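Numbering (UniProt numbering), first residue to last: 1 to 264. Glycine is no exception: its CB is placed at the ideal position from the N, C-alpha and C atoms. Bear in mind that the values here come from a model prediction, so they are computed numbers and not experimental data.
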């Protein structure tokens with residue numbers, strides 16, 4: 001099932017079958033879970049005049065390759081901002097929660113342009129797209145990732161963090177206009193910033209994920225994006241990090257902050 005077909009199914013049904021090809025270990029890739037909930041929120045909003053402002057995802061429990069139920073509620077619809085909560089249910093329990101805010105532009109005298117400038121990367125054609133390692137999560141095949149700096153996961157690096165180019169794999173996804181749901185599906189594909197420090201393969205998973213949407217998407221799913229992650233702190237089995245995403249025109253699209261559980 002393509003993402004387009006999945007989104008259409010979410011629009012028409014309360015219960016949704018998760019497509020194959022998105023496993024992350026024994027559970028479903030968190031980005032797909034977040035993207036499904038975002039699609040449910042967009043359908044519930046039903047207002048193209050209100051743009052995504054921010055969202056927060058809490059991954060309560062593991063989602064299996066089995067049907068899920070998506071339930072959405074508009075918590076408040078004000079003059080400027082609409083706030084929606086989406087819950088993903090499986091096995092009679094809430095497994096993930098999305099809290100998302102949409103808003104309309106408002107007149108304001110306050111203008112600040114201090115956004116993080118996009119780094120200068122080598123042309124992606126000069127880089128090697130990361131090959132899918134047999135032990136890597138199945139979901140990595142859905143994206144093309146090309147490291148620019150930093151080390152690969154599980155290479156015993158002395159330092160965390162990395163940057164690189166990313167896009168949906170053209171062999172698995174038809175080219176079309178990118179949506180906010182696609183943004184969540186794709187941006188979570190990069191591993192946590194501390195993973196290069198792992199000496200051997202070991203689990204690490206997102207606990208909470210907060211995303212602030214900056215400039216509206218003007219890209220197709222086959223366009224490349226720039227990504228850079230920075231780890232603030234890691235100890236006692238948890239890490240906190242933030243990441244920036246720019247499109248191929250160097251527009252800042254999103255800023256993400258994440259709490260990661262570390263099992264190494």
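Asked                                                                                                                                                                : Found
DSSP on residue 201, reduced to helix/strand/coil?                                                                                                                   : coil
Does the beta-carbon distance from residue 246 to residue 146 come in below 8 Å?                                                                                     : no
Can you grab the Cα-Cα spacing for the pair residue 224 / residue 123, in whole Å?                                                                                   : 10 Å
Just to check my reading of the structure: residue 28 and residue 18 have Cβ atoms closer than 8 Å, yes? What is that Cβ distance to the nearest angstrom?           : 6 Å
Taking the alpha helix (DSSP H) that residue 293 belongs to, which residues open and close that run?                                                                 : Because the chain is modelled from 1 through 264, residue 293 falls outside the range shown and cannot be assessed.
Check this for me: beta carbons of residue 84 and residue 41, under 8 Å apart or not?                                                                                : yes
For residue 150, which residues of its own chain have a beta-carbon under 7 Å away from its beta-carbon, when the five flanking residues on both sides are left out? : 161, 162, 163, 196
Using the C-alpha atoms, what's the distance from residue 137 back to residue 174?                                                                                   : 22 Å
Measure the Cβ-Cβ separation of residue 39 and residue 63 and say whether it is below 8 Å.                                                                           : no
On the CB-based measure, 16 or more other CB atoms within 10 Å of its CB, does residue 7 come out buried or exposed?                                                 : buried
Should residue 179 be labelled buried (16 or more other beta-carbon atoms within 10 Å of its own) or exposed?                                                        : buried
For the beta strand (DSSP E) containing residue 100, name the first residue and the last one.                                                                        : 93-103
If we call anything under 8 Å between Cβ atoms a contact, is residue 214 one with residue 238?                                                                       : no
Give me the Cβ distance between residue 103 and residue 53, rounded to the nearest whole Å; I'm assuming they're in contact under 8 Å.                               : 5 Å
Residue 57 to residue 128, Cα distance in whole Å?                                                                                                                   : 32 Å
Going by the beta-carbon positions, is the gap between residue 211 and residue 256 smaller than 8 Å?                                                                 : yes
What residues are listed by DSSP as bridge partners for residue 244?                                                                                                 : 228, 255
With DSSP run on the structure shown, which of helix, strand or coil describes residue 130?                                                                          : coil
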